[in-house]
Amino acid sequence: AQKVTQAQTEISVVEKEDVTLDCVYETRDTTYYLFWYKQPPSGELVFLIRRNSFDEQNEISGRYSWNFQKSTSSFNFTITASQVVDSAVYFCALYNFNKFYFGSGTKLNVKP
Amino acid sequence: DTAVSQTPKYLVTQMGNDKSIKCEQNLGHDTMYWYKQDSKKFLKIMFSYNNKELIINETVPNRFSPKSPDKAHLNLHINSLELGDSAVYFCASSLQTGSREKLFFGSGTQLSVL
Numbered sequence: 045a046q047k048v049t050q051a052q053t054e055i056s057v058v059e060k061e062d063v064t065l066d067c068v069y070e071t072r073d074t075t076y077y078l079f080w081y082k083q084p085p086s087g088e089l090v091f092l093i094r095r096n097s098f099d100e101q102n103e104i105s106g107r108y109s110w111n112f113q114k115s116t117s118s119f120n121f122t123i124t125a126s127q128v129v130d131s132a133v134y135f136c137a138l139y140n141f142n143k144f145y146f147g148s149g150t151k152l153n154v155k156p
Numbered sequence: 005d006t007a008v009s010q011t012p013k014y015l016v017t018q019m020g021n022d023k024s025i026k027c028e029q030n031l032g033h034d035t036m037y038w039y040k041q042d043s044k045k046f047l048k049i050m051f052s053y054n055n056k057e058l059i060i061n062e063t064v065p066n067r068f069s070p071k072s073p074d075k076a077h078l079n080l081h082i083n084s085l086e087l088g089d090s091a092v093y094f095c096a097s098s099l100q101t102g103s104r105e106k107l108f109f110g111s112g113t114q115l116s117v118l
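So the protein lines, in turn, are chains A and B.
First residue of the first sequence: 45, per the working numbering; consecutive thereafter.
First residue of the second sequence: 5, per the working numbering; consecutive thereafter.
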């Protein structure tokens, strides 16, 4: 069965702190894709990153970085020096067998 | 120039009514979806269409009927609305089915059934 678990329901940090959002997935397939999406208070979901199962190289994009570890079936997302505009719900998703499986989301509150 | 647009943004209605939500994408994508997001933010796929053809139909009550007049449009009609239908409904599109391409989402329709 395919499943994505985001155990952190809500996280609050103060601006400029680093924060890591956890994502653990389950799949029996060897070919799959992992995604992160951001849902700001305005409501729309915005794509952040896609990673395929054969590429375990970590990625950095500005203040965002992603750590993909197949050994632990995790695809964690770190925001460095968080800002108030980072406040949103973040979703991790697994693409497998023509479907997207979303985690339940982690709400990040960044306080000034 | 909105890529995936859905209307209306808010829909408040009484139990038992029938309502529709419209979705259009101008990205030239072949595949469109409807997702339901409940009050706990959980996102669940309802339907997927590829070039006007139904591909995925999750266990959704048959009061929900999607219609795709062409590959750029996917509308959702809901009959006999129930309180439990209250949620945010998102339309999305992707390049093609099975291509694991990223989803482009609309801004959502918040449905409140009273």
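Backbone N, C-alpha and C define an ideal beta-carbon position, used for all residues, glycine too.
- Contacts between Phe135 (chain A) and chain B, judged by CB atoms closer than 7 Å, involve Leu47 in chain order.
- The three-state secondary structure of Thr63 (chain B), taken from DSSP, is coil.
- Listed as beta-bridge partners of Asn120 (chain A) by DSSP are A:Asn111.
- In the DSSP assignment, His77 (chain B) forms a beta bridge with B:Glu28 and B:Asp74.
- Proximity of the stretch 85-97 of chain B to the stretch 7-25 of chain B meets the contact definition, three or more beta-carbon pairs being nearer than 8 Å.
- Only residues of its own chain outside the window of five on either side were considered, and among them Pro84, Pro85, Leu152, Asn153 and Val154 have a CB closer than 8 Å to the CB of Ser131 (chain A), listed in chain order.
- Per DSSP, the continuous beta strand (DSSP E) segment holding Ser52 (chain B) begins and ends at Leu47 to Asn54.
- In this structure, Gly147 (chain A) sits near Cys67 (chain A), with a CB-CB distance shorter than 8 Å.
- For Met36 (chain B), the enclosing beta strand (DSSP E) covers residues Thr35 to Gln41.
- Inclusion of Trp80 (chain A) and Leu92 (chain A) in the CB contact set at 8 Å is warranted, their separation being smaller than that value.
- The residues Val16 and Ser90, in chain order, have a CB closer than 6 Å to that of Ser116 (chain B) in the same chain once the five nearest residues on each side in sequence are set aside.
- Leu87 (chain B) sits in a helix when the DSSP states are folded into three classes.
- By the criterion of a C-beta distance shorter than 6 Å, Glu70 (chain A) is surrounded in its chain by Lys47, once the five residues flanking it on both sides are discounted.
- For Lys106 (chain B), same chain residues with a beta-carbon under 8 Å away, outside a window of 5 residues either side, are Ser98 in chain order.
- Judged by DSSP secondary structure, Tyr14 (chain B) falls within the beta strand (DSSP E) whose first and last residues are Tyr14 to Thr17.
- Not a single CB atom of chain B sits nearer than 8 Å to the CB of Ser105 (chain A).
- Annotation: Asn66 (chain B) to Tyr37 (chain B) spans about 17 Å, alpha carbon to alpha carbon.
- Taking a contact to require three or more Cβ pairs closer than 8 Å, the stretch 53-66 of chain B and the stretch 99-119 of chain A do not qualify as touching.
- Within its own chain, the residues whose Cβ lies closer than 6 Å to the Cβ of Asn55 (chain B), once the five positions on either side in sequence are excluded, are Asp34 and Lys75, listed in chain order.
- Chain-ordered listing is empty here: chain A has no CB closer than 8 Å to the CB of Leu80 (chain B), the nearest sitting near 17 Å.
- Taking 8 Å as the threshold, the shortest C-beta distance from Arg95 (chain A) to chain B does not fall below it.
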